[in-house]
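In this text, residue positions in the sequence shown follow my numbering: the first is 5, and each later residue adds one.
Everything below concerns the one structure shown next.
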Amino acid sequence: MIANTSVPRRIVCVTGAARGLGAAIVRDFARQGAQVHACDVLEQEGGDLAGALRAKGLDVSFRRLDVTQECDWKALSERLATESGRLDVLVNNAGIIIRKPLAGTTREDWDRALAVNVTGAFLGMKHCRAMLARAAPSAIVNVSSTAGLIAHGDPSYTASKWALRGLTKSAALEFAPQGIRVNSVHPATIATPLTQAAPAGHIAANRHAIPLGREASAEEIAAVVVFLASEAASFMTGSEVAADGGLTTGGVAHMRSQFQAGLAEVAHHGASVARDGREADGTRDPRSIRDSPRGEHGAGQGLHDGAGDARRARDDPGTR
Ligand SMILES: NC(=O)c1ccc[n+]([C@@H]2O[C@H](COP(=O)([O-])OP(=O)(O)OC[C@H]3O[C@@H](n4cnc5c(N)ncnc54)[C@H](O)[C@@H]3O)[C@@H](O)[C@H]2O)c1
5 MIANTSVPRR IVCVTGAARG LGAAIVRDFA RQGAQVHACD VLEQEGGDLA
55 GALRAKGLDV SFRRLDVTQE CDWKALSERL ATESGRLDVL VNNAGIIIRK
105 PLAGTTREDW DRALAVNVTG AFLGMKHCRA MLARAAPSAI VNVSSTAGLI
155 AHGDPSYTAS KWALRGLTKS AALEFAPQGI RVNSVHPATI ATPLTQAAPA
205 GHIAANRHAI PLGREASAEE IAAVVVFLAS EAASFMTGSE VAADGGLTTG
255 GVAHMRSQFQ AGLAEVAHHG ASVARDGREA DGTRDPRSIR DSPRGEHGAG
305 QGLHDGAGDA RRARDDPGTR
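Below, the structure written as structure tokens:
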């Protein structure tokens, strides 16, 4: 006798889905056979993404949803109730960053960051809960940031991502008896439009602070989200999962060792010049070490100027 192993198609809702990480999450779920509701305020981009994936035979629809608007969430949950009666996965991914120090952050900036990054997830969990409970075991994944684990230079973003981490744990407790797991993901820098819009030097500075020496691709972080939403993570709830290339494990120690290696190299070079009275063969001019972009020297060679990196990292509005 052949056992019936057919599993109902998972129904997934992703916010901030039109581009960047959200679009990668949509693609990953859709390729795994899920029916995906891609939600965003960017109608053109979201519609194009859904259309392109449908053309490949995948089940993706776009819906305009502003995560800060309770009426939009109510309308989504009513539609889910009518169409499928359940929701297996909610990914609260929509997010914005206001790159301003505390003194320059206006009340409007503050309210906006918290509205999108925290209230949006709160409303999503509140209004999708009943549909998720019907699909139990089901899952919510909230996209926070390393800014939710350590401090970044933009207080409204940092506060919002810490709040989202706390909200995740609270929801995990409340929803556990209903069979809904809730976890947060904390990425470091990802190559998306959000980071591409950052000031010059942002990504280069962050590479110095990340022990793996690079930013993540959106697909790498999407894979973590999809894992947390899957039954492979069936005993995980309330967890904060850092997907950060080692940044929060030892970004400071990593930068310090680079700094020390740079100092040792400069000292060695100085000694060679003093001894030989000339530029020693195979020894770099320290100015070239200082000015050279990291990509030229590569990770772990200790050739980049730690002081310069630290300066750049300090001046940069945040490492995320
Ligand atoms: N890019 C990074 O380095 C990085 C690092 C850590 C965490 N994150 C987090 O990952 C998530 C995705 O970021 P991204 O890098 O893809 O950014 P992105 O700017 O490329 O995409 C964010 C998406 O959210 C949407 N959005 C914004 N406000 C919305 C609203 N009110 N309602 C619905 N959708 C809205 C935008 O339209 C956009 O499509 C965010 O929560 C961000 O904080 C990003």
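Cβ coordinates follow ideal geometry from the N, Cα and C atoms, glycine included.
Outcome for F239 when other beta-carbon atoms lying within 10 angstroms are tallied against a minimum of 16: exposed
Test item: CB-CB of I102 and T109 under 9 Å: yes
V229: first and last residue of the uninterrupted alpha helix (DSSP H) it sits in: 222 to 233 is the span of the alpha helix (DSSP H), which, as asked, contains V229.
Proximity below 9 Å, CB of Q262 to CB of H212: yes
Where G24 falls, given that 16 or more other Cβ within 10 Å makes a residue buried: buried
Cut-off 6 Å between Cβ atoms - residues of its own chain near P181, not counting five sequence neighbours on either side: none
Reduced DSSP secondary structure (H/G/I, E/B, other) of F263: helix
Residues that DSSP places opposite R67 in a beta bridge: C43
Collapsed DSSP secondary structure at T199 in the structure displayed: helix
Buried versus exposed, by CB contacts within 10 Å (16 or more), E269: buried
Proximity test, I101 beta-carbon vs ligand 1 heavy atom, cut-off 8 Å: yes
L168, buried or exposed, once every other Cβ within 10 Å from all chains shown has been counted against 16: buried
Three-pair Cβ contact test at 8 Å for the stretch 216 to 230 versus the stretch 153 to 163: Verdict: no, contact absent.
I144 versus V230, S81, R111, residue with shortest Cα-Cα distance: Distances from the CA of I144 to each of V230, S81, R111 were compared; the closest alpha carbon is that of V230.
Anticipated Cβ contact below 8 Å, I194 with I225, distance rounded: 6 Å
Any non-hydrogen atom of ligand 1 within 8 Å of H131 CB: no
Distance CB(R67)-CB(A38) smaller than 9 Å: no
Distance, S81 Cα to A43 Cα: Residue identity differs from the one stated: residue 43 is Cys in this sequence, not Ala. The alpha-carbon atoms of C43 and S81 are separated by roughly 13 Å.
Ordered list of alpha helix (DSSP H) runs contained in the stretch 61 to 129, each at least 4 residues: Here the runs fully enclosed are 74 to 87, 111 to 118.
Three-way DSSP call (helix, strand, coil) for R185 in this model: Per DSSP, reduced to three states, the secondary structure at R185 is strand.
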